[in-house]
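To start, the structure under review is shown below, and the notes come after it.
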Amino acid sequence: MESKVIKMNLMLIVISVLIMLNGEIINAKLPRLKQKTKEDGSLSLLVVGDWGRNGDYNQSLVASQMGIVGEKMDVDFIISTGDNFYDDGLTGVHDPAFEDSFTNIYTAPSLQKRWFTVLGNHDYRGDVLAHLSPVLRKRDSRWVSFRSYIVNADIVDFFFVDTTPFQDKYFVETKHTYDWRGVIPRQRYLSNLLKEVDEALKKSTAKWKFVIGHHTMMSAGHHGNTIELVAQLLPILETNNNIDDEYISQENRVDLYINGHDHCLEHISSSHSSLQFLTSGGGSKSWRGDVQQWNEDELKLYYDGQGFMSMQVTQTELEVMFFDIFGNILHKWTSAKPDHYSS
Ligand SMILES: [Zn+2]
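The C-terminal position of the sequence shown is numbered 1387 in my numbering, with every residue numbered one higher than the one before it.
Structure (C-alpha cells):
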C-alpha cells in the first residue's frame, strides 16, 4: 500500500516536471522568467539572429562588435531571434556545434549574460528537444531556451513566441525533415499558443510590451511577410495595441515585433498602428541585394549586410540602434511614452 502511494507521488512529480519543461503538453501556462533591471530601473540589451555557423560568414566579427557595444552599454542580457545552429539545428545535447557556434564565439565579458533564445526553422531541422534541454544550460549557463515564454523585466514584458509551427510549407516540403515532437497535433498547439499569448498580453501591466519570434511579420527581405503570422498572430498584437478599455489602459499596447529569418537589419514602421517591425537577422551570412519594393514612408532601414541591434529602455523612453560589423550606427529610432500612462 505504502509503495503504491510512493509510486503515485513519483508519477505526479514526473507529470509536473513534464508540464514545466514543455508548457504546451497539456495546455499549461507559458513559462515566466524574471529579469532584473539596472538600479536606475532601466534596461539595455542586444538582439542578434541567424548566426550559428562556426564563426564563418563574419559571425565572429559580429560577435566581437557585439562585445564592444555590449560593454559600452553594460547590457543586461541578449536576445537571439533564432536559427541558432545552421544548417540543421543540433544533433543532440552533446553536439559540439553548441561550443563551436555559441560558447566559443560570443566570448566577450559583456556577453556573459543570459541569452533568451527562440527556435528558428533551421533549429527545427535538428533535435528540438536537445535545443530545449536543461543539459545545454549546464554546458553554458547563459543559455535559455523554451518554445514560447515570457520574461518579466519590470518596465518591459518580453513575449517569446514559437513561430516555426505556424508556417504551412514546413509541413509539406519533402526536402528537409522537421522535428515536430511536442507540436503535433498542430492545430491544438497553435490555438493554445495564440490563446496564451493573447491572455498574457491582456494581463500584462508592464509599461512596454515587446513580442519576439523568429519569422518575419512584415519584411521587404528575401522571405517577405509570413502570411500565416499576419493572419493569426498580428491581429492579436494589434488588438492588444489598439485596445480601448477603461480597465485595460493604453499601457497594454504592443510596441514592437522583433524577428530574424531574413538575413538583414530592417525597421518597418506600421502605418496602421504604433507597432514597429524590427528585423535583426544579420548574425552571419547575409543576402546582399535581396530586397523588394516597400512603401518608403514605412521602411526606415533596410541593410543587407551583417550586424545586430541594441535597445535601451527606461520607463518613458526607448532607443533602438542597428550596428554593422565595424560598429557604425546604421539607424537609430526613439520612442517616448508620456508619464501620465504610468500607474
Ligand atoms: Zn529562418
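We put the beta carbon where it would ideally sit given N, CA and C, even for glycine.
So residue i is in the alpha helix (DSSP H); what residue range does that whole segment cover?
{"i": "Val1274", "result": "1271-1276"}
{"i": "Met1117", "result": "1103-1117"}
{"i": "Val1179", "result": "1178-1183"}
{"i": "Asn1128", "result": "Looking at the DSSP string, Asn1128 is not in any alpha helix (DSSP H), and its letter there is neither H nor E."}
{"i": "Tyr1233", "result": "1230-1247"}
When the distance is taken between beta carbons, is residue j closer than 9 Å to residue i?
{"i": "Gln1337", "j": "Ala1264", "result": "yes"}
{"i": "Asp1402", "j": "Arg1191", "result": "Only positions 1045 to 1387 of the chain appear in the structure, and residue 1402 is not among them; the question remains open."}
{"i": "Asp1368", "j": "Gln1109", "result": "yes"}
{"i": "His1166", "j": "Asp1139", "result": "no"}
{"i": "Ile1122", "j": "Arg1186", "result": "yes"}
{"i": "Gln1359", "j": "Met1117", "result": "no"}
{"i": "Val1106", "j": "Phe1352", "result": "yes"}
{"i": "Gly1325", "j": "Thr1125", "result": "yes"}
{"i": "Gln1276", "j": "Phe1204", "result": "no"}
{"i": "Asp1127", "j": "His1305", "result": "yes"}
{"i": "Val1298", "j": "Leu1319", "result": "yes"}
{"i": "Phe1146", "j": "Gly1096", "result": "yes"}
{"i": "Tyr1301", "j": "Met1365", "result": "no"}
{"i": "Asp1198", "j": "Phe1254", "result": "no"}
{"i": "Gly1099", "j": "Ala1152", "result": "no"}
{"i": "Lys1329", "j": "Asn1196", "result": "no"}
{"i": "Val1119", "j": "Lys1073", "result": "no"}
{"i": "Ser1379", "j": "Leu1089", "result": "no"}
{"i": "Thr1260", "j": "Phe1321", "result": "yes"}
{"i": "Val1137", "j": "Ser1177", "result": "yes"}
{"i": "His1258", "j": "Gly1164", "result": "yes"}
{"i": "Leu1278", "j": "Glu1310", "result": "no"}
{"i": "Asn1303", "j": "Thr1283", "result": "no"}
Nearest CA to the CA of residue i: which residue from the options?
{"i": "Trp1377", "options": "Ile1312, Gly1325, Arg1158, His1267", "result": "Ile1312"}
{"i": "Thr1208", "options": "Val1195, Lys1246, Val1162", "result": "Val1162"}
{"i": "Arg1169", "options": "Leu1238, Phe1215, Glu1282, Gly1333", "result": "Phe1215"}
{"i": "Pro1382", "options": "Leu1362, Leu1278, Arg1183", "result": "Leu1362"}
{"i": "Trp1159", "options": "Leu1173, Ser1177, Arg1181, Thr1221", "result": "Arg1181"}
{"i": "Ser1317", "options": "His1258, Thr1323, Ile1280", "result": "Ile1280"}
{"i": "Gly1333", "options": "Cys1308, Tyr1222, Asp1341", "result": "Cys1308"}
{"i": "Ile1373", "options": "Val1241, Val1113, Lys1213", "result": "Val1113"}
{"i": "Lys1213", "options": "Glu1143, Gly1371, Ser1314, Glu1272", "result": "Glu1272"}
{"i": "Ser1086", "options": "Leu1134, Trp1252, Asp1144, Leu1155", "result": "Trp1252"}
{"i": "Gly1133", "options": "Tyr1222, Tyr1346, Glu1083, Leu1238", "result": "Tyr1222"}
{"i": "Asp1184", "options": "Lys1344, Leu1238, Glu1143", "result": "Glu1143"}
Give the range of the beta strand (DSSP E) segment to which residue i is assigned.
{"i": "Glu1363", "result": "1361-1368"}
{"i": "Lys1219", "result": "Counting along the chain, Lys1219 falls outside any beta strand (DSSP E), and DSSP gives it neither H nor E."}
{"i": "Thr1323", "result": "1320-1324"}
{"i": "Arg1158", "result": "1158-1161"}
{"i": "Ser1257", "result": "Note on residue identity: the sequence assigns Gly, not Ser, to residue 1257. Note, Gly1257: beta strand (DSSP E), 1252-1257."}
{"i": "Lys1082", "result": "Where Lys1082 is concerned, there is no enclosing beta strand (DSSP E), given that its DSSP letter is neither H nor E."}
{"i": "Glu1143", "result": "No beta strand (DSSP E) holds Glu1143; DSSP gives it neither H nor E."}
{"i": "Leu1155", "result": "Element bounds for Leu1155: n/a, residue is neither H nor E."}
{"i": "Gly1351", "result": "1351-1357"}
{"i": "Ser1379", "result": "1373-1380"}
Quiz item: What residues come near ligand 1, if near means a beta carbon less than 5 Å from any of its heavy atoms?
Solution: Asp1127, Gly1164, Asn1165, His1305
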